[in-house]
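According to my numbering, the residues represented by the sequence shown are 907 to 1191, in order. C-beta: ideal position from N, C-alpha, C; glycine also.
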Amino acid sequence: MADWENLRHFAALAQAGSLSGAARQLHVEHATIARRIAALEAELKLKLVDRRGRRLSLTADGERIAALVEHMERDAQAIHRAADGARSEVAGHVTISAPPALAAAMLARPLVALRKQHPDLNLCILGETRQVSLERREADIAIRLNRPTDGDFIIVKLAELAFRLYASPAYLDRTPPEDWAYIGYVESMDAASQQAALIRQMAGGSLSFRATTHDIQHALAREGGGVAMLPTFMAEDDSTLAPAMPDQQPVTRDAWLVWHADLKGSTAIRAVVKSIQEEFGKTFK
């Protein structure tokens, strides 16, 4: 029988499409992925991966094995979710994924308070722009700005987020609108509604700064780097920033709280969900 760890590392390669992506997903070194795949090929006596320089692709046998491993992984995760959903105590490990700005601004207070009440609860907060897989248990709970359209999930609307153009008051005083420099996301985020609105505002211009998170964009705007489209929960109470176009309607996006339906019976998941909902309810009325 093939070693499950070898299969798991192979599945990560199949999902990520590269050694580096698989290594990031599993938080291991590239060499570990390569070693595990070589061991799996030796166990199965099959060539699973074509290696052409730095490029890797799955062979036909590799594609078939990857599909089988994906089913095995889903079944294994379903078993874990069923076990977690049956536990009655507020304890154990819960991972929450959220966009970085929301994770920093909205999760610390309620989750610290929750853990003071339940010290056997261990929490991991992932602040990242990518959408983690709840099916693969990369997280137990996720805050998303796009409502999932498939999957067996429980989905609850948390809030309507507003985004406006902000810059430092000194920058706005010395720079006419036609000369504004703009600060936005990296190109992979150009389809996001707040980024699309910023691009329309630029009217054919280019971004002077691109950054992966609102925290970095916020810092650039505060230093006079230009005008950034920022969430109002981050910028409206910051005295070092001012609305660049205060009469313009904000761009809005819904924030959704998502978790797998298999976890609906978990007392720990319910406690975390309730604490997050209450915090958002206080902030976004």
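Buried versus exposed call for residue 974 [16 or more other C-beta atoms within 10 Å across all chains shown]: Residue environment: residue 974 is assigned as exposed (fewer than 16 neighbouring CB atoms within 10 Å of its CB, all protein chains considered).
Cβ neighbour criterion (16 or more within 10 Å) applied to residue 1124: buried
Residue 1093 versus 1117, 1004, 1072, residue with shortest Cα-Cα distance: That would be 1117, whose Cα lies nearest to the Cα of residue 1093.
Residue 1122 at chain D interface by Cβ criterion, 8 Å: No chain D is present in this structure, which holds just one protein chain.
Residue nearest to residue 1056 in terms of C-alpha spacing, selected from 1041, 1068, 1070, 1063: 1041
Three-state secondary structure assigned by DSSP to residue 1006: helix
Proximity of residue 911 and residue 942 at Cβ, strictly below 8 Å: It is a contact, given that the beta carbons lie within the stated cut-off.
Where residue 1166 falls, given that 16 or more other Cβ within 10 Å makes a residue buried: Residue environment: residue 1166 is assigned as buried (16 or more neighbouring CB atoms within 10 Å of its CB, all protein chains considered).
Contact under 8 Å by Cβ, residue 1088 with residue 1147: no
Cβ contact (3+ pairs, closer than 8 Å) linking the segment 1103-1116 and the segment 1033-1047: no
Reference residue 1001; option with closest CA among 1190, 1185, 1174, 1188: Out of 1190, 1185, 1174, 1188, 1174 has the C-alpha closest to the C-alpha of residue 1001.
Burial state of residue 1133, where buried means 16 or more other Cβ atoms lie within 10 Å: buried
Residue of 983, 1004, 1014, 918 minimising C-alpha distance to residue 971: 918
Residue 1018 to residue 1051 span [Cα, whole Å]: C-alpha of residue 1018 to C-alpha of residue 1051: approximately 24 Å in a straight line.
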